[in-house]
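S.K.: In short: position in the sequence shown from 1, add 614, done, that's my numbering. Don't be surprised by glycine CBs; every beta carbon is placed ideally from N, CA and C. Here the structure is a predicted model, which means the values were calculated and not measured. Please find one structure pasted underneath; my questions will follow.
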Amino acid sequence: MLKPHGISCGKNMIIKECEEEAGIPRSISSSVLPVGVVSYMDIDDYRYKRDVLFCYDLKLPEGFVPHNQVRAISNFKLISATHIANVIRRAEFFKPNCSLVIIDFLFRHGFFIITWIPCDNLRQIIAQKSGP
Numbered sequence: 615m616l617k618p619h620g621i622s623c624g625k626n627m628i629i630k631e632c633e634e635e636a637g638i639p640r641s642i643s644s645s646v647l648p649v650g651v652v653s654y655m656d657i658d659d660y661r662y663k664r665d666v667l668f669c670y671d672l673k674l675p676e677g678f679v680p681h682n683q684v685r686a687i688s689n690f691k692l693i694s695a696t697h698i699a700n701v702i703r704r705a706e707f708f709k710p711n712c713s714l715v716i717i718d719f720l721f722r723h724g725f726f727i728i729t730w731i732p733c734d735n736l737r738q739i740i741a742q743k744s745g746p
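Structure representation (structure tokens):
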């Protein structure tokens with residue numbers, strides 16, 4: 615398996631990130647589930663930038679509040695799934711790559727209902743992504 619220099623791969627990495635970024639203890643983060651990837655291309659000045667975001671689901675206990683452990687994160691907010699779609703649609707509250715991960719989550723958990731898909735290939739991709 616290839617990995618970027620300085621970045622560990624696997625479940626231990628995400629458990630470490632949960633603790634470092636949000637103060638989530640190992641007793642909670644050990645139940646994290648890898649759910650897929652989101653790949654995208656962006657324009658950075660005059661060049662294309664390709665990136666892949668690894669996605670995980672982690673169900674937090676009722677009442678758990680993450681705590682900022684590093685200065686890179688200003689704060690955490692609890693926003694309902696139904697409200698988050700409107701936030702993404704109407705504002706630039708999140709960085710674009712974060713919005714992609716949130717949209718992926720909303721699709722996988724059935725918050726978006728697709729009534730019309732213009733392309734058979736896209737229909738197959740969505741069916742594979744969302745499961746039975």
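In chain order, which continuous runs of the alpha helix (DSSP H) of length 4 or greater are located wholly inside the stretch 626-710?
M.R.: If we require 4 residues or more, the alpha helix (DSSP H) runs fully inside the stretch 626-710 come out as 640-643 and 695-704.
S.K.: Quick one, which of S643, V652 and I657 has its alpha-carbon nearest S713's?
M.R.: By 1-based counting over the sequence shown, the position of residue 713 is 99. Among S643, V652 and I657, the Cα nearest to that of S713 belongs to V652.
S.K.: Tell me whether H619 sits in a helix, a strand or coil according to DSSP, three-state version.
M.R.: Residue numbering aside, residue 619 sits at position 5 when the sequence shown is read from its first letter. Annotation note: pLDDT 42 at H619 (below 50); position unreliable, coordinate value reported separately. Three-state result, H619: coil.
S.K.: Assuming K625 contacts V649 under a Cβ cut-off of 8 Å, what Cβ separation, rounded to an integer in Å, is found between them?
M.R.: Along the sequence shown, read from residue 1 onward, the residue named residue 625 stands at position 11. Along the sequence shown, read from residue 1 onward, the residue named residue 649 stands at position 35. Incorrect: roughly 13 Å between the Cβ atoms, too far for contact.
S.K.: Between the alpha carbons of P746 and I629, how many angstroms are there, rounded?
M.R.: Here residue 746 corresponds to residue number 132 of the sequence shown, with the count starting at 1. Here residue 629 corresponds to residue number 15 of the sequence shown, with the count starting at 1. Bear in mind that a pLDDT of 49 at P746, under 50, signals an unreliable position, so the number given afterwards is only what the model happens to contain. Between P746 and I629, the C-alpha separation is close to 28 Å.
S.K.: Please determine, among A686, R685 and V701, the residue with the shortest C-alpha to C-alpha distance to L692.
M.R.: Locating residue 692 in the sequence shown gives position 78, where the first residue counts as 1. The option with the nearest alpha carbon to L692 is V701.
S.K.: Thinking just about the alpha-carbon of each residue, which of K663, D656 and L674 is nearest to the one in I642?
M.R.: Here the question's residue 642 lines up with position 28 in the sequence shown. Comparing Cα positions, the closest option is L674.
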